[in-house]
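Worksheet: the structure to be examined is printed underneath.
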Amino acid sequence: MRRLRSVLRAAALVLLWCVALSVGWVLLLRLFPPPVTSTMVVQRLEQGRADRSWRSLDDMARTLPNAVIAAEDQKFMFHHGFDLEAIEKALDHNERRKGRGRMKGASTISQQVAKNVFLWQGRTWVRKGLEVWFTALIELLWSKERILEVYLNVAELGPGTFGAEAAAQRCFGRSAARLGTQEAALLAAVLPAPRRYSCQRPSGSVRARQQWIAQQMSNLGDQLDPAVLERAREEMAREEQRRQRQEERRRKRRKS
Numbered sequence: 030m031r032r033l034r035s036v037l038r039a040a041a042l043v044l045l046w047c048v049a050l051s052v053g054w055v056l057l058l059r060l061f062p063p064p065v066t067s068t069m070v071v072q073r074l075e076q077g078r079a080d081r082s083w084r085s086l087d088d089m090a091r092t093l094p095n096a097v098i099a100a101e102d103q104k105f106m107f108h109h110g111f112d113l114e115a116i117e118k119a120l121d122h123n124e125r126r127k128g129r130g131r132m133k134g135a136s137t138i139s140q141q142v143a144k145n146v147f148l149w150q151g152r153t154w155v156r157k158g159l160e161v162w163f164t165a166l167i168e169l170l171w172s173k174e175r176i177l178e179v180y181l182n183v184a185e186l187g188p189g190t191f192g193a194e195a196a197a198q199r200c201f202g203r204s205a206a207r208l209g210t211q212e213a214a215l216l217a218a219v220l221p222a223p224r225r226y227s228c229q230r231p232s233g234s235v236r237a238r239q240q241w242i243a244q245q246m247s248n249l250g251d252q253l254d255p256a257v258l259e260r261a262r263e264e265m266a267r268e269e270q271r272r273q274r275q276e277e278r279r280r281k282r283r284k285s
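According to our numbering, the sequence shown is numbered sequentially starting from 30.
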């Protein structure tokens, strides 16, 4: 019994140290740019390069954060790291299409930052558990603006190309500070598969996605504008009230 208590005490101490180190790591990267990611290391080995030029969010065109929100995570400014509705829809979609075609994901921008910055490549339950942990930490300890800033600097946007600044220079020959709506939408359009899609030679499907993203940007408005966010919250509250009323009517019809 005494030996078991010693083992449990040692395990608890190791766990406590792991928690403390992960919290310290996240706090450190709240202030400083991540030096490298596992994907950058792999690309440097495979491609012989991993281009990145760090840019603060204030030094980027406002179109860039709005484009990635429109493309990847339209509830980014409102959730706490996880889009439960998107997860539910993805699970339902994947269950219906099991073994047939591509599975649908539901990763938020926060989850993608957790995976890109703090974890290794691969798909295991251990990695997924750590992704949840680091996602919760960055949502707790970083601002939404910091999460966007890191994402826009570490996201892979082409073979050996990381971050909006390197991609803007490569695709358009100009700084990320000078990108318009269409250019930002094109960069966001390649995010799902940056080694298959190209912003330099965009296919028809990439162009179609670019136009869809540009339209979504127009619909959503400036997601970093507090007034726009407040109106969106009010609309979401009204939509939730409508949904609850519809659900209540359905329950009454089932009872009658």
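We put the beta carbon where it would ideally sit given N, CA and C, even for glycine.
Taking C-beta to C-beta, are ILE98 and SER139 nearer than 7 Å? For ILE98 and SER139, no; Cβs fall outside 7 Å.
Tell me which same chain residues have a C-beta within less than 6 Å of the C-beta of ASN145, skipping the five on either side of it? For ASN145, where only same-chain residues beyond five positions count, the Cβ hits under 6 Å are THR66, VAL183.
Compare the Cα-Cα distances from VAL142 to each of LEU42, LEU120, LEU166 and report the closest residue. It is LEU166.
Three-state secondary structure (DSSP) at GLY158? Assigned with DSSP and collapsed to three states, GLY158 falls in helix.
Going by the DSSP bridge assignment, what does GLU185 pair with across the sheet? PHE191, per the DSSP bridge assignment.
Identity of the residues DSSP links to ALA80 by a beta bridge: Residue identity differs from the one stated: residue 80 is Asp in this sequence, not Ala. DSSP lists THR190 as partners of ASP80.
For GLN240, the nearest candidate out of GLU75, ALA214, LEU113 (CA to CA): When GLU75, ALA214, LEU113 are compared, the shortest CA-CA separation from GLN240 is found for ALA214.
Distance check for CYS47 and TRP54, CA to CA, integer angstroms please. Between TRP54 and CYS47, the C-alpha separation is close to 10 Å.
What's the C-alpha gap between ALA115 and ALA135? Note on geometry: alpha-carbon atoms of ALA115 and ALA135 lie some 6 Å from one another.
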